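Comments concern the structure below.
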Amino acid sequence: MHCIKELEISVHIKLDTMNEYLHSDNTKVIPTDTIKNSIEALAKIRGINTIEQFGLDICDHFLTSFCHVVYCNAFIQEVPWQRLEKDGTPHVHAFLYSSEGVRFCEVEQSVDGAPIVFSGIKDLKIMKTTQSGFQNFYKDKYTTLPERRDRILSVEMLIKWCYGVCPEGLDYDCIWRTAHESALDAFAGPPETGHYSPSYQKTVNCVQEYILEKIPQVEEVEVICSNIHYSLTPLEKLGLCNDKEVARLLETLDSCCQLEDSLRKE
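For the sequence shown, the residue numbers in my numbering are 4 to 269.
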């Protein structure tokens with residue numbers, strides 16, 4: 004049975020001099036060709052268990068193989084391929100692109116320090132069709148937004164968390180799945196009833212608190228939440244009654260609202 008991990012990797016290294024910038028001296032410059040080939044060789048030699056561990060392997064390689072490298076940063080995101088299934092039977096070599104968000108990580112390390120590991124989810128689009136509102140907000144003469152007790156809540160989230168100590172053998176896969184599940188639970192609430200969201204801000208805070216509560220190894224959670232606005236279509240103009248059945252996506256400037264917040268474990 005075939006397995007696949009398709010990764011997009013960006014590596015940034017710092018040298019102990021700036022001679023290539025200041026004096027046109029390239030003797031210590033590591034070509035991008037070498038960096039690319041080194042990463043592909045590492046994939047063969049060490050394998051890719053998780054993207055976080057591979058990021059640690061990349062940093063370790065450049066910091067230990069080149070005495071003039073003083074810092075390495077590896078940003079990795081994984082293309083979300085999922086194995087196809089037919090009547091519960093997994094396919095041996097066919098995969099489907101998933102839309103459940105893109106997994107990514109960032110690992111950075113200085114030559115004289117311990118590695119710092121971040122993990123995250125991006126491009127996570129989620130929606131609920133009720134149990135959301137926005138009321139009692141500040142208003143002045145420029146405010147035209149009406150209060151709503153019931154609305155569609157739709158967002159695109161980027162969630163990034165930082166670990167404290169990363170012991171060898173940490174199960175990054177399990178942690179990522181727990182964070183993903185916690186984010187969905189915080190957004191949606193119980194399957195039978197859901198729970199009410201009074202604002203995007205409160206929803207973001209719930210996501211952060213759920214992840215910090217469920218995963219003791221996580222020290223801090225950052226969430227960037229882009230608001231996707233839907234509005235009921237005014238069918239009255241067509242002589243029809245719209246009982247919250249038909250809505251349209253508002254592709255206007257106010258739909259570009261973005262909220263960024265970070266919550267750290269006390």
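Idealized CB from N, CA, C, for every residue including glycine.
A quick note: this is a predicted structure, and the numbers were derived from the prediction, not measured.
- Phe190 sits away from Ser202, with the two beta carbons spaced by 9 Å or more.
- Under DSSP, Lys31 takes part in no beta bridge, so it has no partner.
- Following the DSSP letters along the chain, one finds Ser157 inside the beta strand (DSSP E) bounded by residues Leu156 to Tyr166.
- One thing to note: Cys228 has its Cβ within 9 Å of the Cβ of Glu263.
- The stretch 95-114 makes contact with the stretch 77-87, as at least three CB pairs between them are under 8 Å.
- A distance below 7 Å between beta-carbons, with the five flanking residues on each side excluded, links Gln204 to the following residues of its chain, in chain order: Leu262.
- Taking a contact to require three or more Cβ pairs closer than 8 Å, the stretch 155-168 and the stretch 33-48 do not qualify as touching.
- Counting only residues of its own chain and dropping the five nearest sequence neighbours on each side, Arg180 has no CB closer than 8 Å to any other CB.
- Close CB contacts of Thr133 within its chain, under the 7 Å cut and outside five residues either way in sequence, are with Asp153 (chain order).
- Proximity of the stretch 67-83 to the stretch 105-119 meets the contact definition, three or more beta-carbon pairs being nearer than 8 Å.
- Look at Cys108 here: in three-state DSSP terms it is strand.
- If you draw a straight line from the Cα of Tyr213 to the Cα of Ala186, it comes to about 7 Å.
- Note on the stretch 49-100: whole alpha helix (DSSP H) runs with a minimum of 4 residues are 54-68, in chain order.
- Short of 6 Å from the beta carbon of Glu111, and not among the five residues preceding or following it, lie these beta carbons of its own chain, in chain order: Asn76 and Ile119.
- Assignment of Ala44 by DSSP, reduced to helix, strand and coil, places it in the helix class.
- Rounded to whole angstroms, the gap between the alpha carbons of Leu173 and Tyr145 is 52 Å.
- Per DSSP, the continuous alpha helix (DSSP H) segment holding His183 begins and ends at Tyr175 to Ala191.
- The C-alpha of Ile124 lies about 28 Å from the C-alpha of Lys89.
- Your pair His71 and Leu18 checks out as a contact, with CB atoms roughly 5 Å apart and the cut at 8 Å.
- Using a Cβ distance threshold of 9 Å, Glu254 and Gly167 do not count as a contacting pair.
- Taking C-beta separations shorter than 8 Å and ignoring five residues to either side along the sequence, the partners of Asn139 in its chain run Glu150, following chain order.
- Pairing His183 with Leu266 gives a Cβ-Cβ distance that is not under 9 Å.
- The residue among Ser234, Asp143 and Glu269 with its C-alpha nearest the C-alpha of Leu215 is Glu269.
- As a beta-bridge residue in DSSP terms, Leu127 pairs with Met160.
- Collapsing the DSSP output to three states places Tyr199 in coil.
- A direct Cα-Cα distance of roughly 13 Å separates Asn29 from Thr35.
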